[in-house]
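Novice: In UniProt numbering, the protein residues as written are 1 to 345.
By construction, the Cβ of each residue, glycine as well, lies at the ideal position given by its N, Cα and C atoms.
The structure displayed is predicted, hence computed values, not measured ones.
Got a structure for you, questions after.
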C-alpha cells in the first residue's frame with residue numbers, strides 16, 4: 001500500500017541543488033588566485049564571503065619576511081575565457097559594472113583587477129585608477145596591458161601599490177613618554193602658534209584632548225586644568241583679544257564645538273577665560289593712565305550668546321563622553337561663578 005503511494009509521487013521534484021558551470025569557474029579562479037598569493041607571494045589572502053561581496057572578492061595582506069605589515073590591497077577577480085577574449089590593441093579590455101565604479105573609487109585601500117581564463121593558465125592584472133577608465137554603452141572598461149601577466153605581480157609591485165609600511169616603534173615610545181610627562185603636570189599648558197591661529201588649525205587642540213582625555217579617569221581628573229599660550233604676537237602691542245586673527249580663531253573653535261568650559265582653568269589668576277570671552281564678543285578697549293587697559297563688552301547679548309554656545313558645547317561633550325552628572329554640575333557651577341566674577345569685575 002505504502003509502496004504504491006510512493007510510486008505515485010513525482011520524485012523529479014525532489015532534486016539536488018545544482019553546481020552551475022559559472023560557479024565552478026568562478027570558484028576555481030579564486031582558489032587559484034588564493035594559492036598564487038599564499039605560495040608565490042608569501043602573503044595572506046582574505047576572501048570576502050559571497051553575502052558581503054559588493055565588488056571586492058578578497059584582500060591581499062602584505063607579509064614581508066614573516067612580518068604582517070598592516071598594508072593591504074583589495075582584489076576584484078574575473079575568471080572565464082570570455083573575460084580575456086575582449087582585447088584592444090594594447091591589452092585585455094576589462095569590463096566593469098557601473099554600480100561598482102563609485103565603490104571602487106571610494107575604497108579605502110588600493111584595488112587591483114585580475115582576469116583569468118577558465119583553466120587559469122593565463123592571467124592578467126592592473127591597478128584600478130579612475131583616470132584610466134573609459135565609458136562604454138552600459139558600463140566602463142579599463143585596459144590591462146598584455147605585459148601585465150599575473151607572474152609579474154610580485155612583492156615590489158604590491159608594495160608600490162599599497163605603500164611601504166613604516167616602523168613606528170620609536171614614535172610610539174616618544175608618544176608614551178610625552179603622555180607620561182603630561183600626566184605628571186598639575187596644569188595643562190596648551191601652546192598655540194601664530195600659524196595655527198591664522199590657518200584656523202584645530203589639530204593641536206584635538207591632539208591635546210586625545211592625550212589628556214585618553215582614559216575615563218584622566219577625562220575626569222583633567223577637567224578645568226588647561227591654560228593656553230599663543231606665541232608669535234610678542235611684537236604686537238595689542239592684547240591677544242584685540243587681534244582679528246585671534247578673535248576669528250576663538251569664534252571658529254566655538255563653531256566647531258570645542259568644550260572650553262570643560263577644558264579651561266577658570267581660576268581668577270588665569271587669563272584664559274577672559275581672553276576667550278573678549279575674543280568672541282564685540283568690545284571696546286580703553287587705555288588707562290597707569291598703562292593698563294580696560295575692556296568694555298558692547299552688548300550683554302554678546303555675553304549671553306557666548307555663554308549659551310559654550311554650554312551647548314559642554315553638554316554635547318559631556319553626553320559624548322558620558323561624564324557623570326555630578327562632575328558636569330561641578331564644572332557648570334565653577335564656570336558660572338567665574339563668568340559672574342569676570343563680568344562684574
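Am I right that residue 76 and residue 114 are in contact with their C-beta atoms under 8 Å? What's the rounded C-beta distance?
Specialist: Counting from one through the chain shown, the residue named residue 76 turns up at place 76. Counting from one through the chain shown, the residue named residue 114 turns up at place 114. Indeed they touch by this definition, with Cβ atoms about 7 Å apart.
Novice: If I'm right that residue 144 touches residue 94 with Cβ under 8 Å, what's the distance once you round it to whole angstroms?
Specialist: Your numbering for residue 144 matches position 144 in the chain shown. Your numbering for residue 94 matches position 94 in the chain shown. Yes, they are in contact, since the Cβ atoms of residue 144 and residue 94 sit about 5 Å apart, within 8 Å.
Novice: Tell me whether residue 204 sits in a helix, a strand or coil according to DSSP, three-state version.
Specialist: Position 204 of the chain shown holds residue 204. DSSP places residue 204 in helix when its eight states are reduced to three.
Novice: So the candidates are 303, 237, 30 and 233; which of them puts its Cα closest to the Cα of residue 195?
Specialist: Here the question's residue 195 lines up with position 195 in the chain shown. Comparing Cα positions, the closest option is 233.
Novice: Tell whether a beta-carbon distance below 8 Å holds between residue 73 and residue 56.
Specialist: Here residue 73 corresponds to residue number 73 of the chain shown, with the count starting at 1. Here residue 56 corresponds to residue number 56 of the chain shown, with the count starting at 1. The answer is no: Cβ separation not under 8 Å.
Novice: Below 7 Å CB to CB, which residues in the same chain sit around residue 311 once its five sequence neighbours on both sides are set aside?
Specialist: For the purposes of this step, residue 311 is taken as the residue at position 311 of the chain shown. Answer for residue 311: 261, listed in chain order.
Novice: What three-state label does DSSP hand residue 337 in the structure shown?
Specialist: Position 337 of the chain shown, counting from 1, holds the residue named residue 337. Helix, per DSSP.
Novice: Identify the residues that DSSP records as bridge partners of residue 226: which are they?
Specialist: One-based indexing of the chain shown puts residue 226 at position 226. 188 and 264, per the DSSP bridge assignment.
Novice: With a threshold of 16 other CB atoms inside 10 Å of the CB of residue 249, please say whether the residue is buried or exposed.
Specialist: Here residue 249 refers to the residue found at position 249 when the chain shown is read from its first residue. Residue 249 should be labelled buried.
Novice: Following the continuous beta strand (DSSP E) through residue 115, name the residue where it begins and the one where it ends.
Specialist: In the chain shown, residue 115 corresponds to position 115, counting from 1. First-last of the beta strand (DSSP E) with residue 115: 111-116.
Novice: What do you get for residue 313, buried or exposed, if any count of 16 or more other CB atoms within 10 angstroms of its CB means buried?
Specialist: To locate residue 313, count along the chain shown from 1; it is residue 313. Buried: at least 16 other Cβ atoms inside 10 Å.
Novice: Give me the Cα-Cα distance between residue 222 and residue 254, rounded to the nearest whole angstrom.
Specialist: Counted from its first residue, the chain shown places residue 222 at position 222. Counted from its first residue, the chain shown places residue 254 at position 254. Using only the alpha carbons, I get a separation of about 20 Å.
Novice: Opposite residue 177 in the DSSP bridges: which residues?
Specialist: As a position in the chain shown, residue 177 is number 177, starting the count at 1. DSSP output for residue 177 lists no bridge partner at all.
Novice: What residue range does the alpha helix (DSSP H) around residue 135 cover?
Specialist: As a working note, residue 135 is residue 135 in the chain shown. It is not in any alpha helix (DSSP H) - residue 135 instead sits in the beta strand (DSSP E) that spans 133-135.
Novice: What is the DSSP secondary structure of residue 332, reduced to helix, strand or coil?
Specialist: Stepping through the chain shown from its first residue, residue 332 is reached at position 332. Note: residue 332 maps to helix in three-state DSSP.
Novice: Out of curiosity, what's the CA-to-CA distance linking residue 99 and residue 66?
Specialist: Indexing the chain shown from 1 puts residue 99 at position 99. Indexing the chain shown from 1 puts residue 66 at position 66. C-alpha separation (whole angstroms): 37 Å.
Novice: Considering only residues of the same chain and omitting the five flanking positions on each side of residue 34, which have a CB-CB separation below 6 Å?
Specialist: Reading the chain shown from its first residue, position 34 is the one you call residue 34. Around residue 34: 45.
Novice: Compare the Cα-Cα distances from residue 37 to each of 152, 316 and 344 and report the closest residue.
Specialist: Indexing the chain shown from 1 puts residue 37 at position 37. When each option's Cα is compared against that of residue 37, the closest is 152.
Novice: Could you please give the first and the last residue of the uninterrupted beta strand (DSSP E) stretch that includes residue 259?
Specialist: Along the chain shown, one-based indexing puts residue 259 at 259. Where residue 259 is concerned, there is no enclosing beta strand (DSSP E), given that its DSSP letter is neither H nor E.
Novice: Contact check, residue 84 vs residue 106 under 8 Å by CB: the rounded distance?
Specialist: Within the chain shown, residue 84 is the residue found at index 84, counting from 1. Within the chain shown, residue 106 is the residue found at index 106, counting from 1. With a Cβ gap of about 28 Å, residue 84 and residue 106 do not count as contacting.
Novice: Alpha carbon to alpha carbon, what distance is there between residue 292 and residue 252?
Specialist: Here residue 252 corresponds to residue number 252 of the chain shown, with the count starting at 1. Here residue 292 corresponds to residue number 292 of the chain shown, with the count starting at 1. Each residue's alpha carbon lies about 28 Å from the other.
Novice: DSSP three-state label for residue 73, please.
Specialist: Numbered from 1 along the chain shown, position 73 holds the residue referred to as residue 73. Residue 73 falls in the strand class under three-state DSSP.
Novice: For my contact list, residue 139 and residue 91 are in at a C-beta cut-off of 8 Å; report their separation, rounded to the angstrom.
Specialist: For the purposes of this step, residue 139 is taken as residue 139 along the chain shown, with counting starting at 1. For the purposes of this step, residue 91 is taken as residue 91 along the chain shown, with counting starting at 1. That pair is no contact at about 17 Å.
Novice: With residue 32 and residue 120 assumed to form a contact (beta carbons below 8 Å), what rounded beta-carbon distance in angstroms separates them?
Specialist: Sequence index remark: in the chain shown, residue 32 carries index 32 (1-based). Sequence index remark: in the chain shown, residue 120 carries index 120 (1-based). Going by Cβ atoms, the distance from residue 32 to residue 120 rounds to 4 Å, so yes, they are a contact pair.
Novice: For the 8 Å Cβ check, are there 3 or more pairs between the segment 298-305 and the segment 267-285?
Specialist: Taking 8 Å as the limit for Cβ pairs, the verdict is that the segment 267-285 does touch the segment 298-305.
Novice: Can you tell me where the alpha helix (DSSP H) holding residue 95 begins and where it ends?
Specialist: Here residue 95 refers to the residue found at position 95 of the chain shown. Per DSSP, residue 95 belongs to no alpha helix (DSSP H); it is in the beta strand (DSSP E), 91-97.
Novice: Compare the C-alpha of residue 198 against each of 40, 286, 247 and 271 and name the closest.
Specialist: Mapped onto the chain shown, residue 198 falls at position 198. Per the Cα distances, 247.
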